[in-house]
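So that you can map any letter, position 192 of the sequence shown is 179 in my numbering, and since no number is skipped, the others follow by simple counting. Beta carbons: idealized from backbone N, C-alpha and C, even for Gly. Okay, so here's the structure we're looking at.
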Amino acid sequence: MKVARFHAPGDLRIEEAPEPVAGPGEVKIRVRNCSTCGTDVKIYKHGHHHIDPPRVMGHEIAGEVVESAAPGWAPGDRVQVIAAIPCGRCAECLRGRMTVCPNQESMGYHYDGGFAEYMVVPAKVLAVDGLNRIPDGVGFAEASVAEPLACVLNGQELARVGPGDDVLIMGSGPIGCLHVRLARARGAARVFLADINPDRLAVAAGLVRPDAAIHADVEEHVAKLTDGRGADVVITAAAAGAAQEQAIRMAARQGRISFFGGLPKDNPIIACDSNLVHYRELTIVGANGSSPAHNARALDLIATGAVPVADLITERLPLTDVLAAIDTVARGAAIKVTIEP
């Protein structure tokens, strides 16, 4: 079979590899779609401390079971695979905090991922209910987007996005688009989308139709749109410290701020006006991936039409074009790019 295997930063190769075999408690799937994201770009360019090369990349995975050594699963089952694998046994997991499991492992990092024609789903995934049946009417490409949507769902739950909120999303990539749609599904009164790249913002806004699209003078525009109140929720769906600093200034009294996008490890420090946090009673929350339960609920949101995703998949490429896909993501030249091995 063909795989896309990471060997070193800047060295991702399409190679031939033997088909894997499912061991005890595992299932083997024919990968139908594995979508790409900014994390794939970072791995390709810089590697990752959890990856011991060579490693098959890809973590937004949907496919069809072809071999099962696990009870309850049979060939022909259509499935979506979680990316982040909690241990299910530590103090955090036992408290229901699986997103912050200190023993977390990941597909495409610790285990070979979905940039392959076939892959094995580890027993650890099944042990934490991390293999989800794709509902009828949901395609494999749509199902692969359940993983990033699950992360978005975790972030909005932590930020308590709800009815009547004015929500500002900073960053109009695929994650920003998913945030817009989920905020609407959760009852937000208005959703604003901001990005410093006017071309990317225009494409995203054309799809997800925010109440306002802002590409410059964000603070002034938000103040005008909210009669000086600020946004009830500000979500930084961009890896930019400046966006996080702005978010604090743009939040309304008792507003919630989600630091959804992580910052570069060599520049993770921002300036925080602590008095704004104090006097406005602001809440700042992080957001780290998703749990198996988030993935299952994300699939349901897609299946019911509460969060449409099909139109966000703007490019479909074969596995042999994975480098072109990563380049497209790096340039921000598409919303969601999916690989179809």
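| Check | Outcome |
| --- | --- |
| Please specify which runs of the beta strand (DSSP E), each continuous and at least 3 residues long, are wholly inside the stretch 13 to 38, giving them in chain order. | 14 to 22 |
| With distances taken between CB atoms, is the gap from valine 112 to valine 52 smaller than 8 Å? | no |
| Between the stretch 129 to 139 and the stretch 19 to 39, can you find at least three pairs of beta-carbon atoms closer than 8 Å? | yes |
| Taking 7 Å as the cut-off, is the C-beta of alanine 181 nearer than that to any heavy atom in the ligand PLP? | The ligand PLP is absent from the structure shown, which contains no ligands of any kind. |
| Between which two residues does the alpha helix (DSSP H) holding phenylalanine 127 run? | 127 to 131 |
| Tell me the start and end of each unbroken alpha helix (DSSP H) in the stretch 59 to 128 that is at least 4 residues and wholly inside, in chain order. | 78 to 81, 110 to 114 |
| Per DSSP, which residues does alanine 280 bridge with? Please list them. | Paired residue(s): none; alanine 280 is not in a bridge. |
| Take lysine 211 as the anchor and find which of Ala239, Gly228, Ala192, Ala227 has the nearest alpha-carbon. | Ala239 |
| Anyone know if the C-beta pair for cysteine 138 and serine 245 falls short of 8 Å? | no |
| Is it right to say threonine 307 is buried, meaning 16 or more other beta carbons lie within 10 angstroms of its own, or is it exposed? | exposed |
| In terms of residue numbering, what span does the alpha helix (DSSP H) encompassing aspartate 186 cover? | 185 to 195 |
| Span of the beta strand (DSSP E) holding threonine 223? | 218 to 223 |
| Anyone know if the C-beta pair for isoleucine 38 and isoleucine 30 falls short of 8 Å? | yes |
| Sorted by chain position, which residues of the same chain lie with C-beta nearer than 7 Å to glycine 146's C-beta, five sequence neighbours on each side aside? | According to the sequence as given, residue 146 is alanine; it is not glycine. Same-chain partners within the cutoff: Val220, Ile222, Arg243, Ser245, Val272. |
| Would you mind stating whether alanine 321 and glutamate 302 have Cβ atoms separated by less than 8 Å? | yes |
| Could you tell me which of Ala(-5), Ser261, Met237 sits nearest to valine 43, measuring between CA atoms? | Ala(-5) |
| May I ask you to report which of helix, strand or coil DSSP gives leucine 310? | helix |
| Considering only residues of the same chain and omitting the five flanking positions on each side of proline 305, which have a CB-CB separation below 8 Å? | Ile326, Glu327, Pro328 |
| Starting from alanine 229 and walking both ways along the alpha helix (DSSP H), at which residues does that stretch end? | 228 to 237 |
| Pick helix, strand or coil for valine 294, following the three-state DSSP scheme. | coil |
| What distance in whole Å lies between the Cβ atoms of cysteine 164 and leucine 136, which are believed to be in contact at a cut-off of 8 Å? | The pair is not a contact, with the Cβ atoms about 10 Å apart (cut-off 8 Å). |
| Going by other Cβ atoms of all chains shown within 10 Å of its Cβ, with 16 needed for buried, is serine 159 buried or exposed? | buried |
| Figure out for me which residue from Phe102, Arg65, Pro73, Val107 has the closest Cα to the Cα of glycine 12. | Val107 |
| Since histidine 208 is in the alpha helix (DSSP H), which residue starts that stretch and which ends it? | 205 to 212 |
| Which two residues bound the contiguous alpha helix (DSSP H) that contains glycine 163? | 161 to 172 |
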